[in-house]
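Here the sequence shown stands for residues 19 to 699, numbered as in the working numbering. Ideal placement from N, C-alpha and C gives every residue a C-beta, glycine not left out. Notes to accompany the following structure.
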Amino acid sequence: MDKTRYDDGMMMMFKSFALALLPKAMGLVLPVMIVLFGLGQGAAVAATGPWQGSDVFSARLISALDRLGAAEDGPSSLSMGLEVKLAKGWKIYWRSPGDAGLPPELDFSASGAVTAHQLYFPAPTRFSILGFDSFGYEDHVIYPLEVTLANSPRDLVMAGVLTGLICSNVCIPIEETLTFNLPRDANAPPLVAAEARQIALYSARVPRPGTSSGVKVTGFALGADGVELRLTRNGTPVRLTAGDVMVEAPSGYSFSAPQLRGDRLVLASTGKPAEALVGQSLPFTVVTKDWLLETTEVLAADALTPPQSSAANALLAMMMVAFIGGVILNIMPCVLPVISLKLASVITMGGAERGAVRRSFLMTAFGVVVSFVLLGGGLAVVREAGVAIGWGIQFQDPVFLTIAAVMIAGFGLVMLDVVTVPVPAFIAGRSGRSGRTGRTGLTGRASRTGRTGVGGGQGLMGDFLSGFMATLLATPCSAPFVGTALTFAFTTTTAKMMVIFLAMGVGLALPWLMVAALPQLAQYLPKPGRWLVTVKRVLALGLFATSLWLLSILAAPYWGNTAGDEGWQTWRPGLAEELAGDGQVVFVDVTAEWCLTCKANKALVLDSAEMTAAFRDGGVALLRADWTQPDDAISAYLASHDRFGIPFNIVYGPARPDGVVLPELLTSGVVMQALSAASRP
């Protein structure tokens, strides 16, 4: 797709030419139009003006009021909006359009009813084409407009000229006369219009100076790779994983979308060298889904460097959080699919010598830790490729699900002595164990040590595989402390990310490490006997059930999604905020077929009679997002709340339009408290 880049000089020449002609033309036309419009519409009640434009662009004026009151009681200013609709592929611009474009402007100079006006610009979208960035809007936008009215007892009759530029493959200048009429009733108060809500929604997305979000700029400097920006909230670094930063620099200077580097955002210079901007005050705007920040900062010359002591302390603290989270994962509902693997590595150790116990449990723990490190490394590679990452996303991959289902079913067959999987001789030799038949392999038959089964009598390789598979299958869900650790890991450097995954792996492996450190604990287990054959069969059934569960996740798209439950709507971006803006309390549940903690929350709390009645009596809007399969919108939604895994639940309402985030494990009391906090005071 070719892109026409208009020269700044040509743009200024066009703008000057148009503005020179407008006063002469409008001086003749506008008074006549205003009179005719007033005569024809004076008795009508309307909060919208007529649409003007073409087949690819249309615009009109709208008002937050349907009617004005008496002149002395009526507002000296009126909240309005410039509403614009665009055909697919066309865009209109922000106040600072970027590498190309012109922002829209309104001229009410020929309208005596308006003494002043201010046009506001909602947070824009970045458009990148052939290396050039511009900022604006597509499809539909409302520019909030504040007008100051002349003191008059008559109906409001106004008209203004809209100029600007719209672009697709080509750019077209626009020039439209927009008219608007609003009746005045001296015997009645002003009447709020339905359009007031739309204007308010777009006004809420207008970046304004200040720190209402609690986010502050603590660093703004030129580094080796571009402009570096550090944001904090309550002294804690804000790691922007979804959003944008727009620097309003002089003509010729431009910057790329921000890239997260540790606790800093780096904006690469894509125009003139940014060194010339050092020491200058630069306005810039930070845009996220949940908060906006507009400020002006002086660009410093020295690159931002985090204090080494605080950085080291933060890493140590997060390592401890990750370790605790890993320990907690051992008791989360997510361990249910691998409970057979866990038990198989324990029950066969009764009567074994201490050295064998120590080696077996150390190898299982090693498998757990290695799988965590490999999982972290894989996610790091995916992140570097620019793909959204999340905790448990391996369960969104049909290849992984198929391989895992086959392997788990194979483990079940081994447990039943149906198959024997050969193991290399050097591995079997090191383990010091072989089957009675003289063959080495993964087999369910009793070994010389008395151990059997996967994770039991097959030597160190079987122990390792038990730990390895247990981790991959037991980590699709988040848990207390895990979410915090993952947020840090997914937004920091690759090296620190690997350290966090290592700490979490050690936490999950802690039960095996404890037995390895105290092998005498195995003496309290019963010695192998005929009872073990029955237990092995039960555990094999558990493995087959796990395999079927994995296959059911593969088939989930053909069965319909989880949002089809009675009373629940399918989540889409912006719907929760829109409903909350209408005064409703909204509960959002992000779930997946592979998230057993999500299903536990649903069965024990969300679908309980108590919560069903509370949702119904409170008129709560219930939204459910299904993350069983990859979904960029859901990934971005989670990232906007600094979350990378599920379960994720949040409550919106008039009192908390930003939302109340709930913990991973729900209780009725926690949900009730959030609903109360979000409802209207």
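- For V304 and F413, the gap between their C-alpha atoms comes out near 34 Å.
- In the DSSP annotation of this structure, D73 is not part of any alpha helix (DSSP H), being labelled neither H nor E.
- Per DSSP, the unbroken beta strand (DSSP E) holding W586 starts and ends at W586 to T588.
- Counting along the chain, C616 sits inside the alpha helix (DSSP H) bounded by residues L614 to N619.
- Just measuring C-alpha positions, the residue of S389, L397, G585 and S565 sitting nearest R634 is G585.
- By the beta-carbon neighbour count (other beta carbons within 10 angstroms, threshold 16), Q136 is exposed.
- Cβ neighbours of F126 within its own chain (closer than 6 Å, five residues either side excluded): V132, H135 and G178.
- Ranked by Cα distance from A82, the first of L100, L656 and W69 is L100.
- Counting C-beta atoms within 10 angstroms of its own C-beta, A643 has 16 or more neighbours from the protein chains shown and is therefore classed as buried.
- In this structure, T314 is the residue among D308, T314, M532 and T288 with its C-alpha nearest to the C-alpha of S299.
- Ranked by Cα distance from S146, the first of F139, P140 and G154 is G154.
- The count of Cβ pairs closer than 8 Å, one atom from the segment 189-197 and one from the segment 219-238, stays below three, leaving the stretches out of contact.
- Our two residues, D320 and T236, have alpha carbons roughly 13 Å apart in a direct line.
- For A105, DSSP records no beta bridge to any residue.
- Here F666 carries a strand assignment [DSSP, helix/strand/coil].
- Around E312, the same chain offers P225, R226, P227 and T303 as residues with beta carbons nearer than 7 Å, after the five sequence neighbours per side are excluded.
- Under the Cβ criterion (8 Å, minimum of three pairs), the segment 617-629 does not count as touching the segment 643-655.
- In this structure, the CA atom of C189 is about 15 Å from the CA atom of G71.
- A straight line joining the alpha-carbon of V500 with that of D649 spans about 22 Å.
- Every unbroken stretch of the beta strand (DSSP E) spanning 3 or more residues and falling wholly within the segment 216-274 is given here in chain order: 233-240, 245-251 and 262-265.
- Contact annotation, K307 with S658: C-beta distance approximately 4 Å; criterion of less than 8 Å satisfied.
- In the three-state reduction of the DSSP assignment, R661 falls in the coil class.
- As DSSP reads the structure, A643 sits in a beta bridge with V608.
- By the criterion of at least three beta-carbon pairs nearer than 8 Å, the segment 259-278 is not in contact with the segment 165-178.
- Taking 8 Å as the cut-off, the Cβ atoms of G385 and A558 do not count as close.
- Residue pairing by DSSP places Q136 opposite E164 in a beta bridge.
- Of the candidates R548, V603, L656 and T630, the residue whose Cα lies closest to the Cα of P591 is L656.
- A straight-line Cα-Cα distance of about 19 Å links N205 and L167.
- For G119, no alpha helix (DSSP H) encloses it, and the DSSP letter there is neither H nor E.
- Note on geometry: alpha-carbon atoms of L317 and R377 lie some 58 Å from one another.
- Comparing alpha-carbon positions, the option among P201, M516, P122 and R202 lying closest to G396 turns out to be M516.
- V210 is positioned such that its CB atom lies no closer than 8 Å to that of G244.
- Looking at the DSSP output, T197 bridges to A177.
- Sequence-distant Cβ neighbours of G599 in its own chain, meaning closer than 6 Å and more than five residues away, are L219.
- Secondary structure note for T143: its beta strand (DSSP E) is the uninterrupted segment T143 to I147.
- Secondary-structure assignment with DSSP links F153 through a beta bridge to R144.
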